[in-house]
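Colleague:
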């Protein structure tokens, strides 16, 4: 395919090979300020990020290492997505007191719920430290290069003065061509304040996930607590609400098409600068393999969750997590095809080669390596997804790491306590009977889809799915690690502490465990036959990608480059806008409460609507939260370039006021992680009017509204 495209690439004008339109995930110390102002921004870059005085960055935090959240009151009130706070809401839920289904609203600060282990991180400062980190690395190649860089990072971090509650992390950008240091403050006392029922916070569930039009009130509320000096502290009843340096005013002004917006948060990972051959492999091989595995797992879980309420609660968070990227990858494949991503890449590469012929050598080498790696990469995709989604195998992997660590003398008390806590949490939401079916079906898929040389000896016996279910159920029933048999007089599923009381006996028992031995046979074969070759080729690809990145930046003087997302703080910007994703299909930029009622299916797990919300709609009791249409706006789309990790990010207007809460992307544009295309790429946000409407009118929690600064 690539060669065919190459023949036509040079027939097009070089100017057409790449046309960047606004987008990108900009380091906040290096904003594309002129373009932002040209698009309508009224504040300055210093208002967004300023380490010397209060700025918008002081209201934006990374939520528990994955999502983003923002402070919206002078009392540390925190807003993030419902799906970001989902595991905390679930942890406080029981069959008798189901906060997922019923929602939760603290009546005052004394009734806010603590969440052990939940943290938020503030970015205090960002500095480019490329010269310090790359000092002395010029003549080096791997593995000495990585060793020297890691040593330089440690020297730099040790040279910086920090408080006890601060840390420094150094991150590579542009595939290691630049490095940046982040000073971080971590707060550890974070309490649940409010969450709508999932019939609002998760309305549309899996059917509407990644889809527009969207009618989901995807938000939850927490509060940061600090010690009496406003500094980070472990949970204590004596802690007080955190007083922020800055908090976001909340705007309930109407939105109009082409209004300027920007999103400030922690996007997870993008790969915008890959060569065409890499994009083609993702589109035609890797993503389809991942999708196939998760499709089997999700269907099996769904069958049980629909008929058993306890299972629904137990697996709710896990199911949502598995389904999230399953659907994303489906949209990514469609979007890459529809946006002609591979063809665009080839044309751009042609324009680069025309300016710098050395790039052709780099691309030829990359093409050769990707083709060599192809079969190993496909096996890697199947293997990692099967192990991740068959929980029995996944927990066997945890025990493998435990045994390896003990036998190497690396397991200390802190690590052991962390493992026990992890296992206790795992077994709380684990059904060995259900997962035996999932594991059986996934092993059948793995046996049938994987080339024979990558399979353990005799693995053909797992090709028959129906037979597998009996086989794996028998293995599960006789397994210690599934919690269905005892060790040291206890089941791991009910008493981890007692099961670990005699470590030598535990390890001997696990090593003989049938589920553990099954995991080990799959793992050992993969690690022997596939992983060394895959990793070796990937290391060569990474080194060449770094070179290709440098060549792009030095050759294309007209293009403004931003680093790929890597979970560091970024700003992206665009305009409120609808879309035309397919022929004769046109989407407006705004949805309303009327659309929630249109989708309403009584009793449905995805589209049920609380009676109180229906009553408010019927009475048109909207307070200050209706827009010019007379209805309450629910969600809106814009052209901001977002990805995973931007969940919970504040969407801000031209003046830095909060206008929405980012929570998703439009399905047709999920390929923006690899190929941002303004024709299809839209981020989806909950409208602040809907958030305040739910808090005020639905939850009767006006005391929270009173904390905020509302821009009318």
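Numbering (mature numbering (1 follows the signal peptide of the UniProt record, and there is no 0)), first residue to last: -19 to -1, 1 to 693.
Ideal placement from N, C-alpha and C gives every residue a C-beta, glycine not left out.
Just so you know, these numbers come straight off a predicted model, no measurement behind them.
(1) Given residue 547, which residues of its chain have a CB within under 7 Å of its CB, disregarding the five upstream and five downstream residues?
(2) Is the segment 153 to 171 touching the segment 18 to 30, taking contact as three or more C-beta pairs under 8 Å?
(3) Cutting at 7 Å between CB atoms, please list the residues of its own chain near residue 277, excluding the five before and the five after it.
(4) What is the DSSP secondary structure of residue 481, counted as helix, strand or coil?
(5) Going along the chain, which residues of its own chain have a beta-carbon closer than 6 Å to the beta-carbon of residue 638, five neighbours each way excluded?
(6) Return helix, strand or coil for residue 60, following the three-state DSSP convention.
(7) Is the CB-CB distance between residue 568 and residue 557 below 7 Å?
(8) For residue 668 and residue 614, which I take to be in contact (beta-carbon distance under 8 Å), what is that distance rounded to the nearest angstrom?
(9) When the distance is taken between beta carbons, is residue 12 closer than 7 Å to residue 94?
(10) Would you mind reading off the limits of the alpha helix (DSSP H) that contains residue 228?
(11) Applying the 10 Å Cβ sphere with the 16-neighbour rule, what's the burial state of residue 685?
(12) Once DSSP output is grouped into helix, strand and coil, what is the label at residue 455?
(13) Out of curiosity, what's the CA-to-CA distance linking residue 441 and residue 429?
(14) Starting from the C-beta of residue 68, find all residues in its chain whose C-beta is less than 7 Å away, skip the five residues before and the five after it, and write them out in chain order.
(15) From 203, 585, 623, pick the residue whose C-alpha is nearest to that of residue 551; which is it?
(16) Rounded to a whole number of angstroms, what is the C-alpha to C-alpha distance between residue 39 and residue 32?
(17) Closer than 6 Å by C-beta to residue 446: which residues in its own chain qualify, once you throw out the five before and the five after it? Chain order, please.
(18) Let me check understanding here. Comparing Cα to Cα, which of 99, 103, 106, 139 lies closest to residue 696?
(19) Roughly how many angstroms lie between the CA atoms of residue 116 and residue 515, to the nearest whole one?
(20) Pick helix, strand or coil for residue 191, following the three-state DSSP scheme.
(21) Does the contact criterion of 3 or more C-beta pairs under 8 Å hold for the segment 117 to 133 versus the segment 141 to 150?
(22) Where do the N-terminal and C-terminal ends of the alpha helix (DSSP H) with residue 520 fall, by residue?
(23) Which first and last residues belong to the beta strand (DSSP E) in which residue 175 is found?
(24) From 270, 620, 460, pick the residue whose C-alpha is nearest to that of residue 649; which is it?
(25) Please report the distance separating the alpha-carbon of residue 590 from that of residue 577.
(26) Taking its Cβ as the centre, do 16 or more other Cβ atoms sit within 10 Å of residue 517, making it buried, or is it exposed?
(27) Run through DSSP, which three-state label would residue 607 get?
(28) With a threshold of 6 Å on Cβ separation, who are the neighbours of residue 85 within its own chain once the five nearest residues in sequence on each side are excluded?
(29) What is the rounded straight-line gap between the Cα of residue 407 and the Cα of residue 73?
(30) I need the boundaries of the alpha helix (DSSP H) containing residue 274, first residue and last residue.
(31) Hey, would you say residue 259 sits closer than 7 Å to residue 351, going by beta carbons?
(32) Quick one: what's residue 159 bridged to in DSSP?
(33) Return the CA-CA distance between residue 120 and residue 129, expressed in angstroms with no decimal places.
(34) Using a Cβ distance threshold of 8 Å, determine whether the segment 378 to 390 contacts the segment 483 to 492, with at least three qualifying pairs required.
(35) Whole alpha helix (DSSP H) runs in the segment 574 to 645 with 4 or more residues, listed along the chain?
(36) Which one of 537, 499, 334 has the shortest CA to CA distance from residue 439?
Modeller: Concretely, from the data shown:
(1) 152, 250
(2) no
(3) 422, 423, 426
(4) coil
(5) 230, 232, 692
(6) strand
(7) no
(8) 4 Å
(9) no
(10) Careful: residue 228 lies outside any alpha helix (DSSP H) and carries neither H nor E.
(11) buried
(12) helix
(13) 8 Å
(14) 298
(15) 623
(16) 9 Å
(17) 422, 425
(18) One cannot answer for residue 696 here, as it falls past the ends of the chain, which runs -19 to 693.
(19) 30 Å
(20) coil
(21) no
(22) 512 to 536
(23) 170 to 176
(24) 620
(25) 8 Å
(26) exposed
(27) coil
(28) 176
(29) 15 Å
(30) 268 to 286
(31) yes
(32) 154
(33) 11 Å
(34) yes
(35) 574 to 580, 592 to 600
(36) 499
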